[in-house]
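Taking UniProt numbering as reference, the numbering of the sequence shown is continuous, increasing by one, and the terminal residue is 161. Where a beta carbon is used, it is the ideal one built from N, C-alpha and C, also for glycine. All of these numbers come straight from a predicted model, not from anything done at the bench. Below: one structure, written as structure tokens.
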Amino acid sequence: MDSTQLMEDEDEDHEHEHDHGRKMEWAGSETHLGGIPRKIAFMAIGSLSKLLASSLNSTSVQNPQTLLHLVRSRPPGVPLITVANHISVLDDPLIWGFPGFPSMDSNLGRWVLAAKDICFTNNFSSYFFRIGKCIPITRGGGIYQEHMNEALEKLDTGAWN
């Protein structure tokens with residue numbers, strides 16, 4: 001094997017190392033194993049969110065009934081987009097633990113754009129985040145990246161992103 005072939009093989013291996021999100025796209029399907037892994041993940045993270053938001057933290061939510069109405073009662077096929085700025089990787093999943101929010105219901109959970117370099121670094125974390133409705137995004141990759149199309153497909157079906 002010459003050095004050119006060796007370098008090409010290494011480049012190919014390197015590409016596959018960092019493409020866990022695409023490999024695990026099937027795990028994000030609501031039909032994957034009857035939806036059981038997703039339900040378990042939502043129940044676990046939802047329970048943790050409820051615990052932290054109600055017991056270990058003082059949480060104040062302004063006008064929650066508007067969001068609850070939109071999440072639960074918007075017409076079929078109508079998408080919903082929410083934006084949450086955060087200072088840590090735990091802020092986004094834990095924010096949904098406020099009282100009255102159905103954080104353990106995987107059917108009402110939103111699809112999240114998640115940093116590929118943090119959440120999709122190996123097969124285990126890729127699987128976990130995929131069943132948790134996360135879509136890998138390359139920070140700084142712009143809007144014309146592969147997984148943005150996946151997010152748009154979710155919105156086209158009326159999902160919550």
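- The C-beta separation of PRO99 from SER54 comes to about 6 Å, placing the pair in contact by the 8 Å criterion.
- Per DSSP, LEU108 lies in no beta strand (DSSP E) segment and is marked neither H nor E.
- Straight across, the Cα-Cα distance linking HIS32 with GLU153 is about 18 Å.
- For TRP96, the secondary structure class from DSSP, reduced to helix, strand or coil, is coil.
- Per the Cβ contact rule, the segment 123–139 is in contact with the segment 33–43 (3 or more Cβ pairs under 8 Å).
- In this structure, the straight-line span from the alpha carbon of LYS50 to that of MET104 is close to 9 Å.
- In the DSSP assignment, the residues bridged to LEU113 are ILE135.
- Per the coordinates, the alpha-carbon of ASN107 lies some 13 Å from the alpha-carbon of ASN161.
- Counted as a single uninterrupted DSSP element, the stretch harbouring ARG74 is not any alpha helix (DSSP H), since DSSP gives it neither H nor E.
- In the displayed model, LEU80 falls within a strand according to three-state DSSP.
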